[in-house]
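Asker:
Protein chains: 2
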Amino acid sequence: MSLPAFDPPVLPLFQSKAQSNARLAIALGRRSYPIDIGRLDWAELAQGLTAPGRLALIVSNVTVDPLFGERLQAALRPVYAEVERLVLPDGEAHKDWRSLQAIQSRLAQLQADRRGTLFALGGGVVGDLTGFAAAVWMRGARFVQVPTTLLAQVDSSVGGKTGINLPEGKNLVGAFHQPAAVWADLGTLTSLPAREYAAGLAEVVKYGPIADPVFFDWLEAQADALAARQPEALAVAVRRSCEIKAAVVAADEEERGLRAILNFAHTFGHALEAGAGYGHLLHGEAVALGMRMAARLSVACCGLPAAQADRLDALLQRLGLPQSAPALDDARWLALMRGDKKSQAGRIRYVVLPRWGQAALAELDDAAALAAVRSVPLA
Amino acid sequence: MSLPAFDPPVLPLFQSKAQSNARLAIALGRRSYPIDIGRLDWAELAQGLTAPGRLALIVSNVTVDPLFGERLQAALRPVYAEVERLVLPDGEAHKDWRSLQAIQSRLAQLQADRRGTLFALGGGVVGDLTGFAAAVWMRGARFVQVPTTLLAQVDSSVGGKTGINLPEGKNLVGAFHQPAAVWADLGTLTSLPAREYAAGLAEVVKYGPIADPVFFDWLEAQADALAARQPEALAVAVRRSCEIKAAVVAADEEERGLRAILNFAHTFGHALEAGAGYGHLLHGEAVALGMRMAARLSVACCGLPAAQADRLDALLQRLGLPQSAPALDDARWLALMRGDKKSQAGRIRYVVLPRWGQAALAELDDAAALAAVRSVPLA
Numbered sequence: 016m017s018l019p020a021f022d023p024p025v026l027p028l029f030q031s032k033a034q035s036n037a038r039l040a041i042a043l044g045r046r047s048y049p050i051d052i053g054r055l056d057w058a059e060l061a062q063g064l065t066a067p068g069r070l071a072l073i074v075s076n077v078t079v080d081p082l083f084g085e086r087l088q089a090a091l092r093p094v095y096a097e098v099e100r101l102v103l104p105d106g107e108a109h110k111d112w113r114s115l116q117a118i119q120s121r122l123a124q125l126q127a128d129r130r131g132t133l134f135a136l137g138g139g140v141v142g143d144l145t146g147f148a149a150a151v152w153m154r155g156a157r158f159v160q161v162p163t164t165l166l167a168q169v170d171s172s173v174g175g176k177t178g179i180n181l182p183e184g185k186n187l188v189g190a191f192h193q194p195a196a197v198w199a200d201l202g203t204l205t206s207l208p209a210r211e212y213a214a215g216l217a218e219v220v221k222y223g224p225i226a227d228p229v230f231f232d233w234l235e236a237q238a239d240a241l242a243a244r245q246p247e248a249l250a251v252a253v254r255r256s257c258e259i260k261a262a263v264v265a266a267d268e269e270e271r272g273l274r275a276i277l278n279f280a281h282t283f284g285h286a287l288e289a290g291a292g293y294g295h296l297l298h299g300e301a302v303a304l305g306m307r308m309a310a311r312l313s314v315a316c317c318g319l320p321a322a323q324a325d326r327l328d329a330l331l332q333r334l335g336l337p338q339s340a341p342a343l344d345d346a347r348w349l350a351l352m353r354g355d356k357k358s359q360a361g362r363i364r365y366v367v368l369p370r371w372g373q374a375a376l377a378e379l380d381d382a383a384a385l386a387a388v389r390s391v392p393l394a
Numbered sequence: 016m017s018l019p020a021f022d023p024p025v026l027p028l029f030q031s032k033a034q035s036n037a038r039l040a041i042a043l044g045r046r047s048y049p050i051d052i053g054r055l056d057w058a059e060l061a062q063g064l065t066a067p068g069r070l071a072l073i074v075s076n077v078t079v080d081p082l083f084g085e086r087l088q089a090a091l092r093p094v095y096a097e098v099e100r101l102v103l104p105d106g107e108a109h110k111d112w113r114s115l116q117a118i119q120s121r122l123a124q125l126q127a128d129r130r131g132t133l134f135a136l137g138g139g140v141v142g143d144l145t146g147f148a149a150a151v152w153m154r155g156a157r158f159v160q161v162p163t164t165l166l167a168q169v170d171s172s173v174g175g176k177t178g179i180n181l182p183e184g185k186n187l188v189g190a191f192h193q194p195a196a197v198w199a200d201l202g203t204l205t206s207l208p209a210r211e212y213a214a215g216l217a218e219v220v221k222y223g224p225i226a227d228p229v230f231f232d233w234l235e236a237q238a239d240a241l242a243a244r245q246p247e248a249l250a251v252a253v254r255r256s257c258e259i260k261a262a263v264v265a266a267d268e269e270e271r272g273l274r275a276i277l278n279f280a281h282t283f284g285h286a287l288e289a290g291a292g293y294g295h296l297l298h299g300e301a302v303a304l305g306m307r308m309a310a311r312l313s314v315a316c317c318g319l320p321a322a323q324a325d326r327l328d329a330l331l332q333r334l335g336l337p338q339s340a341p342a343l344d345d346a347r348w349l350a351l352m353r354g355d356k357k358s359q360a361g362r363i364r365y366v367v368l369p370r371w372g373q374a375a376l377a378e379l380d381d382a383a384a385l386a387a388v389r390s391v392p393l394a
């Protein structure tokens with residue numbers, strides 16, 4: 016992986032709106048695409064889409080559509096002959112077969128052809144679902160990610176992982192399907208509830224321990240500014256997160272190796288989400304707790320200094336993330352973690368930190384994993 | 016496309032079972048795979064699979080599973096720790112969401128990981144459905160095609176097109192996902208009902224007009240032997256069909272150009288299937304009628320000599336394929352054909368024959384298409 020250097024900016028840094036806008040490129044040959052970050056003009060970006068088809072279908076949910084649905088539809092009208100909106104229920108529980116079928120049925124009713132484009136307007140659920148719907152419509156239609164949550168902007172909208180959940184586990188059904196563009200409009204984040212915003216910061220923090228210690232230092236220095244949604248700090252955080260994710264994905268699009276490091280904390284996190292019952296913990300909240308567990312596991316098994324795990328705990332606390340985990344018995348923990356996609360032939364593989372700023376995969380004893388789980392207080 | 020030469024064999028040609036077995040390679044870089052054709056030893060082929068996972072799930076239907084399910088399960092047992100069978104209802108109507116969900120649920124219950132392998136044991140419906148289930152399980156699991164119908168052996172099992180039907184049209188939801196291997200066992204064809212066998216021959220015949228006039232000549236000469244399921248003739252027909260398909264797919268895996276020629280007759284054929292109501296016409300029967308229409312369209316619009324269309328009609332008749340089409344009014348015809356995946360922005364694109372043995376895409380007047388439709392007698 017070739018990661019562009021991070022030159023920690025001293026904030027307040029940006030003197031104008033234009034300076035905070037950035038376009039990153041995700042380098043995947045024929046599947047390359049731009050990620051625009053900042054206060055964005057959707058109409059201008061729409062004009063820049065190459066070879067738009069006849070039809071655009073905006074997929075959103077009952078929370079986000081009233082905020083931005085009409086604005087996006089208006090921005091797309093000069094470019095597409097037909098611009099439709101499909102509004103789904105909100106929440107992780109609806110990242111399911113029923114919602115997928117609703118999108119496919121709508122496309123069929125609209126007689127969408129292969130060049131129809133889907134626009135995912137919302138958070139990670141809408142993005143994963145809409146991306147998967149695009150992946151399988153006529154064996155591959157185009158889609159544009161318009162992420163409106165911090166978590167989606169810094170993580171799920173970039174990289175082409177799409178899918179739905181089954182009752183047995185998250186993202187068990189899906190596809191690798193890259194978007195044609197990502198429009199990460201920081202303006203959409205002002206309406207985000209505090210809990211969702213903090214959950215997004217968890218995925219931002221993640222990039223430090225796995226890839227960039229200097230970025231982590233900067234996040235510590237800017238924790239108050241970030242917690243207060245200070246726009247300049249936010250712009251830097253989103254941009255750097257996307258840079259790291261783009262570099263990892265470009266090096267390993269289909270997760271044959273390196274990309275697995277992005278799943279740091281996710282074996283624990285997915286188990287926490289499922290164990291608490293979907294909807295009780297936000298994904299980012301589960302990742303925050305999972306990071307604490309994965310860091311303690313790294314201290315116990317892989318030589319990570321405990322002081323680094325302490326720093327991680329402290330930063331997550333300052334950013335308003337939950338400090339305690341739901342109570343689950345050991346057998347339930349292991350069963351949930353074994354269902355994770357990273358496990359092979361029943362053995363559990365964890366992403367650990369042999370050094371601060373560097374991640375690796377390790378198969379570890381159940382006892383060590385359970386000790387790490389117990390290092391986090393119970394709710 | 017680089018097509019290996021066809022040296023028309025004089026039958027009876029093969030003196031031993033071994034001589035009729037063949038292994039073709041489909042050349043797709045990292046996604047390359049072998050196609051074995053003949054009287055096959057499944058246990059031996061199973062031993063040759065690289066890096067098998069823990070679990071094999073055989074997907075079949077109520078008609079095929081009783082014939083070959085146990086044999087395949089026994090052949091896989093020495094290779095996989097766990098070999099399960101899932102038996103679905105039979106028929107095109109079951110290439111749907113419900114069957115797809117049944118496969119995914121079973122995989123989840125079995126805690127299949129990414130290296131689990133699906134085996135599609137059956138005809139085109141089982142193959143398309145199982146391939147799609149593999150494509151989306153954990154964003155891409157392996158599958159092996161074990162086609163037991165002639166149509167599946169010469170067409171649908173090769174090339175990686177997978178998917179399900181929607182009420183609005185066939186194969187609207189799907190993925191390109193190449194199998195790890197294709198086992199085209201000619202021994203499975205002896206149990207095939209006469210109608211299904213003849214329907215498979217329609218797809219064999221198709222390769223002549225679009226790619227290989229010499230093969231068509233040979234098919235004319237061997238029509239009686241083929242209609243009588245003479246094993247040597249059948250072995251040649253299946254092998255040459257797979258050779259042509261493999262060459263086309265290798266040149267254009269995701270149907271950005273050339274591969275569309277394989278859809279010769281399918282715009283008409285899909286409309287016939289949907290118009291007659293799924294289950295009334297077999298896919299190959301609809302393709303046979305569609306070929307007659309597409310050939311007449313080529314005569315009317317593209318300079319194909321009428322004598323070639325006459326030859327096609329005569330061969331299809333000798334092979335026992337239907338000679339008359341269901342009655343549909345013009346508006347219904349056009350609506351059904353517009354729903355076809357090849358149409359773009361509402362215009363209908365047809366695969367036509369500017370010359371015998373060569374296919375091309377053309378956008379043609381509705382009037383010309385309807386005249387071609389009317390050239391075939393009504394049932």
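If you read the sequences in order, they're chains A and B. Sequential numbering of the first sequence, starting at 16, is according to our numbering. Sequential numbering of the second sequence, starting at 16, is according to our numbering. Glycine is no exception: its CB is placed at the ideal position from the N, C-alpha and C atoms.
#1: Just to confirm, is the Cβ distance from B/Cys317 to B/Ala383 under 7 angstroms?
#2: Under the DSSP definition of a beta bridge, which residues are partnered with B/Thr177?
#3: Quick one: what's got a C-beta closer than 6 angstroms to A/Ala387's C-beta in the same chain, skipping five residues either side?
#4: Output yes or no for whether 7 angstroms exceeds the beta carbon distance between A/Leu144 and A/Leu72.
#5: What is the DSSP secondary structure of B/Asn278, reduced to helix, strand or coil?
#6: My guess is that B/Gly409 and B/Ala148 are in contact by the Cβ rule of under 8 angstroms, so how many angstroms apart are they, rounded?
#7: Give every residue of the same chain whose Cβ lies closer than 8 angstroms to the Cβ of A/Gly290, excluding the five residues on either side of it in the sequence, and list them in chain order.
#8: When you compare only the Cα positions, how much space is there between B/Leu385 and B/Leu379?
#9: Looking only at its own chain, which residues have a Cβ that is under 7 angstroms from the Cβ of B/Asp267, when we skip the five neighbours before and after it?
#10: By a C-beta neighbour count over all protein chains shown, 10 Å radius and 16 as the cutoff for buried, is B/Val391 buried or exposed?
#11: Measure the Cβ-Cβ separation of A/Val102 and A/Ser75 and say whether it is below 7 angstroms.
#12: Give a yes or no on whether the C-beta atoms belonging to B/Arg130 and B/Ala96 are separated by under 7 angstroms.
#13: Just checking my contact of B/Ser172 with B/Gly142 at CB under 8 angstroms: how many whole Å lie between their CB atoms?
#14: Go ahead and label A/His109 buried or exposed: buried means 16 or more other beta carbons lie within 10 angstroms of its beta carbon, across all protein chains shown.
#15: With distances taken between CB atoms, is the gap from A/Ala135 to A/Gln116 smaller than 7 angstroms?
#16: Shorter than 7 angstroms from the beta carbon of B/Gln160 to some beta carbon of chain A?
#17: Just tell me which of A/Leu336, A/Ala374, A/Gly106 and A/Arg254 has its CA closest to the CA of A/Ala199.
#18: Could you tell me whether the Cβ atoms of B/Val77 and B/Asp111 are closer together than 7 angstroms?
#19: From this set, A/Ser17, A/Met16 and A/Phe21, which residue's C-alpha is nearest A/Phe230's C-alpha?
#20: Any C-beta of chain B sitting closer than 7 angstroms to the C-beta of A/Arg154?
#21: Comparing alpha-carbon positions, which option in B/Ala66, B/Ala90 and B/Ala377 lies nearest B/Gln56?
#22: Verify whether the separation of the beta carbon atoms of B/Pro19 and B/Val251 is less than 7 angstroms.
#23: Considering Cα atoms alone, identify which of A/Leu331, A/Gln323 and A/Asp325 is closest to A/Ala238.
#24: Could you check whether the Cβ of B/Val173 sits closer than 7 angstroms to any Cβ belonging to chain A?
#25: Would B/Cys257 pass as a contact of B/Leu122 if the rule is Cβ separation under 7 angstroms?
#26: Return helix, strand or coil for B/Gln168, following the three-state DSSP convention.
#27: Can you give the Cα-Cα distance for A/Pro208 and A/Ala196, rounded to whole angstroms?
#28: For the beta strand (DSSP E) that contains B/Gln373, what are its first and last residues?
#29: What first and last residue would you give for the alpha helix (DSSP H) that runs through B/Trp198?
#30: Would you mind sorting B/Gly483 into buried or exposed? The rule is 16 or more other CB atoms within 10 Å of its CB.
#31: Quick check: A/Leu165 and A/Tyr212, are their CB atoms within less than 7 angstroms of each other?
Answerer: Let's see:
#1: By 1-based counting over the second sequence, the position of residue 317 of chain B is 302. By 1-based counting over the second sequence, the position of residue 383 of chain B is 368. Taking 7 angstroms as the Cβ cut-off, B/Cys317 and B/Ala383 do not qualify as a contacting pair.
#2: Indexing the second sequence from 1 puts residue 177 of chain B at position 162. The partner list for B/Thr177 (beta bridge, DSSP) reads B/Ala190.
#3: The residue you call residue 387 of chain A lines up with position 372 of the first sequence. Met308, Arg311 and Leu312.
#4: The residue given as residue 144 of chain A occupies position 129 in the first sequence. The residue given as residue 72 of chain A occupies position 57 in the first sequence. No, Cβ-Cβ distance for A/Leu144 and A/Leu72 is not below 7 angstroms.
#5: Counting from one through the second sequence, the residue named residue 278 of chain B turns up at place 263. Three-state result, B/Asn278: helix.
#6: Residue 409 of chain B cannot be examined here, being either before or after the span of chain B that is shown, 16 to 394.
#7: The count along the first sequence starts at 1 and reaches residue 290 of chain A at position 275. By the criterion of a C-beta distance shorter than 8 angstroms, A/Gly290 is surrounded in its chain by Pro341, Leu343, Arg347, Trp348 and Leu351, once the five residues flanking it on both sides are discounted.
#8: As a working note, residue 385 of chain B is residue 370 in the second sequence. As a working note, residue 379 of chain B is residue 364 in the second sequence. When rounded, the distance between both Cα atoms is 10 angstroms.
#9: If you number the second sequence from 1, residue 267 of chain B lands on position 252. Contacts found: Leu273 and Arg274.
#10: Residue mapping note: residue 391 of chain B aligns to position 376 of the second sequence, counting from 1. When all chains shown are included, B/Val391 counts as buried.
#11: Within the first sequence, numbered from 1, the residue matching residue 102 of chain A stands at position 87. Within the first sequence, numbered from 1, the residue matching residue 75 of chain A stands at position 60. Against a cut-off of 7 angstroms, the Cβ pair of A/Ser75 and A/Val102 comes out as a contact.
#12: Locating residue 130 of chain B in the second sequence gives position 115, counting from the first residue. Locating residue 96 of chain B in the second sequence gives position 81, counting from the first residue. It is not a contact, given that the beta carbons lie outside the stated cut-off.
#13: For the purposes of this step, residue 172 of chain B is identified with residue 157 of the second sequence, where counting begins at 1. For the purposes of this step, residue 142 of chain B is identified with residue 127 of the second sequence, where counting begins at 1. With a Cβ gap of about 5 angstroms, B/Ser172 and B/Gly142 count as contacting.
#14: Here residue 109 of chain A refers to the residue found at position 94 of the first sequence. So A/His109 counts as buried.
#15: Taking the first sequence and counting its residues from 1, the one referred to as residue 135 of chain A is at position 120. Taking the first sequence and counting its residues from 1, the one referred to as residue 116 of chain A is at position 101. For A/Ala135 and A/Gln116, no; Cβs fall outside 7 angstroms.
#16: Counting from 1 along the second sequence, the entry for residue 160 of chain B is found at position 145. B/Gln160 does not count as touching chain A.
#17: If you number the first sequence from 1, residue 199 of chain A lands on position 184. The residue with the shortest Cα to Cα distance from A/Ala199 is A/Arg254.
#18: Sequence index remark: in the second sequence, residue 77 of chain B carries index 62 (1-based). Sequence index remark: in the second sequence, residue 111 of chain B carries index 96 (1-based). No, the Cβ-Cβ distance between B/Val77 and B/Asp111 is not below 7 angstroms.
#19: Taking the first residue of the first sequence as 1, we reach residue 230 of chain A at position 215. Considering only alpha carbons, the answer is A/Phe21.
#20: Here residue 154 of chain A refers to the residue found at position 139 when the first sequence is read from its first residue. It does; some Cβ of chain B falls within 7 angstroms.
#21: Taking the first residue of the second sequence as position 1, residue 56 of chain B is located at position 41. According to the sequence as given, residue 56 of chain B is Asp; it is not Gln. Selection B/Ala66, B/Ala90 and B/Ala377 evaluated against B/Asp56 yields B/Ala90 as nearest (Cα-Cα).
#22: Along the second sequence, read from residue 1 onward, the residue named residue 19 of chain B stands at position 4. Along the second sequence, read from residue 1 onward, the residue named residue 251 of chain B stands at position 236. Cβ distance not < 7 angstroms, so B/Pro19 and B/Val251 don't count as in contact.
#23: One-based indexing of the first sequence puts residue 238 of chain A at position 223. From the listed residues A/Leu331, A/Gln323 and A/Asp325, the smallest Cα separation to A/Ala238 is found for A/Leu331.
#24: Taking the first residue of the second sequence as position 1, residue 173 of chain B is located at position 158. False, the Cβ-Cβ gap to chain A never drops below 7 angstroms.
#25: Counted from its first residue, the second sequence places residue 257 of chain B at position 242. Counted from its first residue, the second sequence places residue 122 of chain B at position 107. No, they are not a contact pair.
#26: In the second sequence, the residue the question calls residue 168 of chain B occupies position 153. Reduced to three states, the DSSP call for B/Gln168 is helix.
#27: By 1-based counting over the first sequence, the position of residue 208 of chain A is 193. By 1-based counting over the first sequence, the position of residue 196 of chain A is 181. C-alpha separation (whole angstroms): 26 angstroms.
#28: Here residue 373 of chain B refers to the residue found at position 358 of the second sequence. Where B/Gln373 is concerned, the enclosing beta strand (DSSP E) stretches over Gln373 to Glu378.
#29: Mapped onto the second sequence, residue 198 of chain B falls at position 183. No alpha helix (DSSP H) contains B/Trp198, which is instead part of the beta strand (DSSP E) from Ala196 to Asp200.
#30: Missing from the structure shown is residue 483 of chain B; chain B here goes from 16 to 394 and no further.
#31: Counting from 1 along the first sequence, the entry for residue 165 of chain A is found at position 150. Counting from 1 along the first sequence, the entry for residue 212 of chain A is found at position 197. Going by C-beta atoms, A/Leu165 is nearer than 7 angstroms to A/Tyr212.
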